[in-house]
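Read top to bottom, the protein sequences are chains A and B. Counting in my numbering, the final residue of the first sequence is number 542, and the numbers go up one at a time with none missing. Counting in my numbering, the final residue of the second sequence is number 542, and the numbers go up one at a time with none missing. Glycine included, each C-beta is placed from N, C-alpha and C at the ideal position. None of these values were measured; they are calculated from a predicted model. A short write-up of the structure that comes next.
2 protein chains.
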Amino acid sequence: MAAIKGKAVVAQSGGPTAVINASAYGVVQTAQKHPEAFTAVYGALNGILGVLNEELFDFAREDAKEIDRLWRTPSAALGSCRHKLKSLEKDRTDYQRILDVFKAHDIRYFFYIGGNDSMDTAARLGKLALEEKYEMIAIGVPKTIDNDLAFTDHCPGYGSVAKYTATSVMEAGLDTAALYTHDTCTVHEVMGRNAGWIAASAGLARRKPHDAPHIILVPEVPFVLDRFIANVKEYLKLYKQCFIACGEGIKTADGKYLGEAGGAFAKDSFGHAQLGGAGDVIRAIVEKEAGVKCRVNRAGTAQRVAMHFASQTDVKEAVMVGQAAISAALHGVHGKMITLVREAGPKYRCSTGLVELEKAANGEKPLPPEFIGPDGASVTEAFKRYLSPLVAGAADVETGEDGLPVYTRLVRKLVTKQIGR
Amino acid sequence: MAAIKGKAVVAQSGGPTAVINASAYGVVQTAQKHPEAFTAVYGALNGILGVLNEELFDFAREDAKEIDRLWRTPSAALGSCRHKLKSLEKDRTDYQRILDVFKAHDIRYFFYIGGNDSMDTAARLGKLALEEKYEMIAIGVPKTIDNDLAFTDHCPGYGSVAKYTATSVMEAGLDTAALYTHDTCTVHEVMGRNAGWIAASAGLARRKPHDAPHIILVPEVPFVLDRFIANVKEYLKLYKQCFIACGEGIKTADGKYLGEAGGAFAKDSFGHAQLGGAGDVIRAIVEKEAGVKCRVNRAGTAQRVAMHFASQTDVKEAVMVGQAAISAALHGVHGKMITLVREAGPKYRCSTGLVELEKAANGEKPLPPEFIGPDGASVTEAFKRYLSPLVAGAADVETGEDGLPVYTRLVRKLVTKQIGR
Numbered sequence: 122m123a124a125i126k127g128k129a130v131v132a133q134s135g136g137p138t139a140v141i142n143a144s145a146y147g148v149v150q151t152a153q154k155h156p157e158a159f160t161a162v163y164g165a166l167n168g169i170l171g172v173l174n175e176e177l178f179d180f181a182r183e184d185a186k187e188i189d190r191l192w193r194t195p196s197a198a199l200g201s202c203r204h205k206l207k208s209l210e211k212d213r214t215d216y217q218r219i220l221d222v223f224k225a226h227d228i229r230y231f232f233y234i235g236g237n238d239s240m241d242t243a244a245r246l247g248k249l250a251l252e253e254k255y256e257m258i259a260i261g262v263p264k265t266i267d268n269d270l271a272f273t274d275h276c277p278g279y280g281s282v283a284k285y286t287a288t289s290v291m292e293a294g295l296d297t298a299a300l301y302t303h304d305t306c307t308v309h310e311v312m313g314r315n316a317g318w319i320a321a322s323a324g325l326a327r328r329k330p331h332d333a334p335h336i337i338l339v340p341e342v343p344f345v346l347d348r349f350i351a352n353v354k355e356y357l358k359l360y361k362q363c364f365i366a367c368g369e370g371i372k373t374a375d376g377k378y379l380g381e382a383g384g385a386f387a388k389d390s391f392g393h394a395q396l397g398g399a400g401d402v403i404r405a406i407v408e409k410e411a412g413v414k415c416r417v418n419r420a421g422t423a424q425r426v427a428m429h430f431a432s433q434t435d436v437k438e439a440v441m442v443g444q445a446a447i448s449a450a451l452h453g454v455h456g457k458m459i460t461l462v463r464e465a466g467p468k469y470r471c472s473t474g475l476v477e478l479e480k481a482a483n484g485e486k487p488l489p490p491e492f493i494g495p496d497g498a499s500v501t502e503a504f505k506r507y508l509s510p511l512v513a514g515a516a517d518v519e520t521g522e523d524g525l526p527v528y529t530r531l532v533r534k535l536v537t538k539q540i541g542r
Numbered sequence: 122m123a124a125i126k127g128k129a130v131v132a133q134s135g136g137p138t139a140v141i142n143a144s145a146y147g148v149v150q151t152a153q154k155h156p157e158a159f160t161a162v163y164g165a166l167n168g169i170l171g172v173l174n175e176e177l178f179d180f181a182r183e184d185a186k187e188i189d190r191l192w193r194t195p196s197a198a199l200g201s202c203r204h205k206l207k208s209l210e211k212d213r214t215d216y217q218r219i220l221d222v223f224k225a226h227d228i229r230y231f232f233y234i235g236g237n238d239s240m241d242t243a244a245r246l247g248k249l250a251l252e253e254k255y256e257m258i259a260i261g262v263p264k265t266i267d268n269d270l271a272f273t274d275h276c277p278g279y280g281s282v283a284k285y286t287a288t289s290v291m292e293a294g295l296d297t298a299a300l301y302t303h304d305t306c307t308v309h310e311v312m313g314r315n316a317g318w319i320a321a322s323a324g325l326a327r328r329k330p331h332d333a334p335h336i337i338l339v340p341e342v343p344f345v346l347d348r349f350i351a352n353v354k355e356y357l358k359l360y361k362q363c364f365i366a367c368g369e370g371i372k373t374a375d376g377k378y379l380g381e382a383g384g385a386f387a388k389d390s391f392g393h394a395q396l397g398g399a400g401d402v403i404r405a406i407v408e409k410e411a412g413v414k415c416r417v418n419r420a421g422t423a424q425r426v427a428m429h430f431a432s433q434t435d436v437k438e439a440v441m442v443g444q445a446a447i448s449a450a451l452h453g454v455h456g457k458m459i460t461l462v463r464e465a466g467p468k469y470r471c472s473t474g475l476v477e478l479e480k481a482a483n484g485e486k487p488l489p490p491e492f493i494g495p496d497g498a499s500v501t502e503a504f505k506r507y508l509s510p511l512v513a514g515a516a517d518v519e520t521g522e523d524g525l526p527v528y529t530r531l532v533r534k535l536v537t538k539q540i541g542r
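See below:
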């Protein structure tokens with residue numbers, strides 16, 4: 122089957138990761154090798170906003186060296202956004218506009234790197250194109266540090282945030298263990314609004330029982346105050362210290378977030394902490410109930426783009442899903458998301474698969490029960506076996522004369538608008 | 122001159138760093154090569170508390186492989202503490218006790234790795250020994266991430282925290298720049314209670330004007346609300362974003378810390394943030410005055426022990442000061458601290474020197490005016506030239522089968538007490 126001929130556009134969506142550029146690299150660099158299908162490869166400035174605003178740039182005008190740097194550059198070099206489109210069913214203005222921009226530029230391929238919402242957008246766009254008989258191919262490329270996409274063994278971006286989190290917890294844990302004047306606690310707050318995959322990754326640092334983290338709090342296990350305090354006190358008795366890894370999205374049994382204004386404990390004596398995150402609430406609880414000093418570490422956005430200690434496996438797989446997207450498109454595949462498939466056998470091997478965009482959009486994958494320890498505050502050996510290969514290997518870091526990493530600088534000169542707004 | 126013969130004790134004090142173990146390695150491994158002077162090399166468990174409590178362990182009983190891992194292990198493997206001794210002049214109990222422990226174990230060498238307070242302790246201890254005609258040698262080994270020790274070009278520990286901070290700010294800066302839906306700010310809070318060296322290090326990440334960090338807040342420059350807000354607004358206008366690196370110890374002109382209960386702005390509408398750190402106060406100010414969303418990153422203790430991305434130069438120099446301490450002791454030097462001396466010339470070279478412990482104890486080195494930009498919110502090229510060689514090179518990371526770093530595990534089996542308490 123001859124491939125459709127036309128331009129391709131690649132867009133990045135949602136929170137940046139260490140490797141979303143590696144996926145863009147996989148798409149762009151592979152597409153540029155196939156001029157028989159792709160008459161040009163465009164990037165959308167700031168995700169779907171770039172398409173809506175007709176802000177597109179041509180990778181042919183970027184320095185090849187800078188394109189090559191994409192796979193070792195964190196964050197989203199094309200630009201990203203958090204923009205929820207109006208529903209196709211209720212108001213097709215946004216989707217219609219996107220299709221108009223595609224038509225105006227003869228864009229026949231849409232590669233969307235993102236999470237659930239992006240897959241939903243790509244699916245609906247594909248549907249509209251079909252309705253309007255505009256021949257185009259939409260392919261989803263998975264990305265999320267949260268690792269909560271269903272139908273894929275894991276998500277590009279997760280291995281790197283997991284490696285950085287586990288290592289930071291290991292190091293900060295050594296800090297808490299070493300500096301002993303009085304008993305202390307440390308809370309290490311990590312991202313993960315709805316799923317505990319990142320908080321769980323801290324568990325990889327605990328090779329021996331006295332290693333940090335002693336307690337892991339994930340959104341999948343409701344936070345029970347009494348049980349938590351008893352747990353902290355037990356570790357303080359055992360080790361004179363307690364290290365707590367805490368997901369930002371932890372909540373009580375009635376579904377109230379701890380780290381939110383007006384959330385759980387907002388009205389009692391821990392309430393003053395409501396203006397911080399979950400980690401600040403945990404600190405207030407520990408200091409009041411266990412009577413020891415408690416510090417809070419919160420890497421914030423730095424954790425999801427920590428390319429300086431990214432996982433080599435993650436980088437390679439991120440490139441791989443980008444390449445697979447092009448390969449699928451060249452085979453006429455449409456309306457699918459690339460998945461990562463862990464092959465059977467004792468040695469870790471990973472290949473790619475496909476799933477319907479609509480399915481991917483609606484699937485969510487919380488931390489499964491078999492990965493959570495019986496105490497509800499630790500991870501199992503099965504989880505460690507799952508995670509360990511995903512953090513393996515040191516990703517390349519190019520260093521400048523000033524001793525710091527060198528990351529790509531794309532020019533992103535916009536192509537002439539065909540429509541305007 | 123024949124060296125005194127007796128045991129040596131090495132102790133670590135204050136906040137852990139990425140390389141304080143590298144200095145201990147330099148001391149221990151060099152001392153073990155000189156049995157003609159050192160009849161044994163002991164470690165004190167948790168700094169001076171270990172000496173006071175007669176909790177000492179013998180490095181001869183540690184696995185040589187684990188000793189070798191010291192130079193690539195962060196935090197304080199011997200254990201550290203924050204314990205202020207009673208004044209020698211007012212109450213000599215503590216010092217007398219230490220000397221008694223030394224006498225009971227025939228300890229003739231004391232190597233103390235730490236900051237100002239530790240140098241003070243070592244100086245006074247040496248004084249008391251002299252009074253009591255107990256022949257012993259006390260040598261200080263500099264360590265502090267804060268880089269605020271005088272008489273030394275820089276301090277082991279600073280290069281690594283600077284490298285990690287600058288890199289994290291570069292990466293988080295790319296994150297803020299990439300994720301554009303609305304204008305936003307990010308505050309990146311770093312350590313440094315009295316000096317702005319760490320906050321300043323973030324400035325190395327700013328290679329071009331639009332790079333993060335746009336504003337650097339250091340304790341050396343009083344925080345002026347109006348000027349800060351005007352600055353933030355200007356960057357928002359220019360780049361639709363503003364990235365702020367903020368030292369935890371920033372204060373207003375009247376000396377009030379921003380990040381402290383009851384501190385500056387505690388009573389006005391930013392006051393609710395008083396329970397967080399300086400970064401939380403800055404966030405409250407930005408959100409109220411500039412009307413944009415602001416995120417706070419605070420690596421906390423993880424920043425000072427980030428061995429996974431430490432500076433090779435820092436590791437090497439940390440070992441070097443440890444080795445120099447032994448060399449000095451073998452030459453009969455007493456009552457001095459090892460310093461780092463930057464040699465003249467275009468190429469960075471560094472050797473060691475000596476300074477009186479008493480001088481080192483009382484010297485403090487804030488960020489000098491020539492390193493602070495004319496706007497009071499940036500760093501100069503001179504500072505970048507100063508810092509750049511200190512962050513150079515990638516320190517070795519040993520990795521385990523689980524994909525994470527492997528750090529030393531000392532047994533620290535205590536030697537038999539000769540006194541008890």
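Asked, Found
"Which residue marks the beginning of the beta strand (DSSP E) containing Gln424(B), and which one marks its end?", "Element bounds for Gln424(B): not the beta strand (DSSP E) but the alpha helix (DSSP H), 422-425."
"In whole angstroms, what separates the C-alpha of Ser472(A) from that of Pro510(A)?", "14 angstroms"
"Taking only three categories from DSSP, how would you classify Tyr233(A)?", "strand"
"Buried or exposed: Ala394(A), going by 16 or more other Cβ atoms within 10 Å of its Cβ?", "In this prediction, Ala394(A) scores a pLDDT of 41, lower than 50, which makes its location untrustworthy; no coordinate-derived value is stated."
"If you reduce the DSSP assignment to three classes, tell me which class Ile169(A) lands in.", "helix"
"Examine the Cβ distances between the region 291-299 of chain B and the region 447-460 of chain B and report whether three or more of them are shorter than 8 angstroms.", "no"
"I need the boundaries of the beta strand (DSSP E) containing Arg416(A), first residue and last residue.", "414-419"
"Taking the alpha-carbon positions, what's the Ser432(B) to Lys248(B) distance?", "36 angstroms"
"Suppose the cutoff is 7 angstroms on Cβ atoms and the five residues either side in sequence are ignored; what does the same chain contact list for Ala450(A) look like?", "Tyr230, Ile258, Ile260"
"Compute the Euclidean distance between the alpha carbons of Ala244(A) and Ile125(A), then round it to the nearest angstrom.", "19 angstroms"
"Taking only the alpha-carbon atoms, compute the straight-line gap between Arg533(B) and Val512(B) and give it to the nearest angstrom.", "32 angstroms"
"Between Ser549(A) and the rest of its own chain, which residues show a CB-CB distance below 7 angstroms, the 5 nearest in sequence each way excluded?", "The shown model of chain A, from 122 to 542, leaves out residue 549(A), and the question about it has no answer."
"Going by DSSP in three states, Phe223(A) sits in which element: helix, strand or coil?", "helix"
"Does any CB atom of chain A fall closer than 8 angstroms to the CB of Tyr528(B)?", "yes"
"Starting from the Cα of Lys414(B), find the closest Cα among Ile403(B), Ala423(B), Gly421(B) and give me that residue.", "Ile403(B)"
"Assign Leu525(A) to buried or exposed, taking buried as 16 or more other Cβ atoms, counted over all protein chains shown, within 10 Å of its Cβ.", "buried"
"Does the CB of His155(B) have a neighbour CB from chain A at under 8 angstroms?", "no"
"8 angstroms is my cut-off, CB to CB: does Glu292(A) come that close to chain B?", "yes"
"For His331(B) and Tyr360(B), what's the separation of their Cα atoms in angstroms?", "7 angstroms"
"How close, in whole Å, do the beta carbons of Val417(A) and Glu310(A) come, if the pair is a contact with beta carbons under 8 angstroms?", "6 angstroms"
"Met428(B) touches chain A at which residues, Cβ-Cβ below 7 angstroms?", "Glu292"
"Do the region 128-140 of chain A and the region 274-290 of chain A meet, that is, are 3 or more Cβ pairs less than 8 angstroms apart?", "yes"
"By the DSSP assignment, the alpha helix (DSSP H) with Asp189(A) in it spans what residues?", "185-189"
"What's the gap between the Cα of Thr307(A) and the Cα of Arg218(B)?", "32 angstroms"
"Quick one: what does DSSP say Gln395(A) is sitting in, helix, strand or coil?", "Here the model assigns Gln395(A) a pLDDT of 45, short of 50, so the residue's position is not dependable and the matter cannot be decided."
"Can you list the residues of chain B that Asp269(A) reaches, using a CB-CB cut of under 8 angstroms?", "Here the premise fails: no neighbours, minimum Cβ distance about 19 angstroms."
"Along chain B, in chain order, which residues have C-beta atoms closer than 7 angstroms to that of Gly200(A)?", "Ala299, Tyr301"
"Would you mind working out which of Lys409(B), Thr302(B), Thr214(B), Met312(B) sits nearest Asp269(B), comparing C-alpha positions?", "Met312(B)"
"Between Ile319(B), Phe178(B), Glu410(B), which has its C-alpha nearest Arg348(B)'s C-alpha?", "Glu410(B)"
"To the nearest angstrom, how far is it from the Cα of Lys358(A) to the Cα of Thr305(A)?", "11 angstroms"
"Classify Met458(A) as helix, strand or coil using the three-state DSSP reduction.", "strand"
"I'd like to know whether the C-beta atoms of Glu292(B) and Ala427(A) end up nearer to each other than 8 angstroms.", "yes"
"For Gly494(B), which option in Gly368(B), Val339(B), Glu369(B) has the closest C-alpha, if you only look at C-alpha atoms?", "Val339(B)"
"Quick one: which chain A residues come within Cβ less than 8 angstroms of His204(B)?", "Thr302"
"According to DSSP, is Tyr378(B) helix, strand or coil?", "strand"
"Tell me whether the region 163-178 of chain A and the region 186-204 of chain A touch, counting them as touching only if at least three CB pairs, one residue from each stretch, are closer than 8 angstroms.", "yes"
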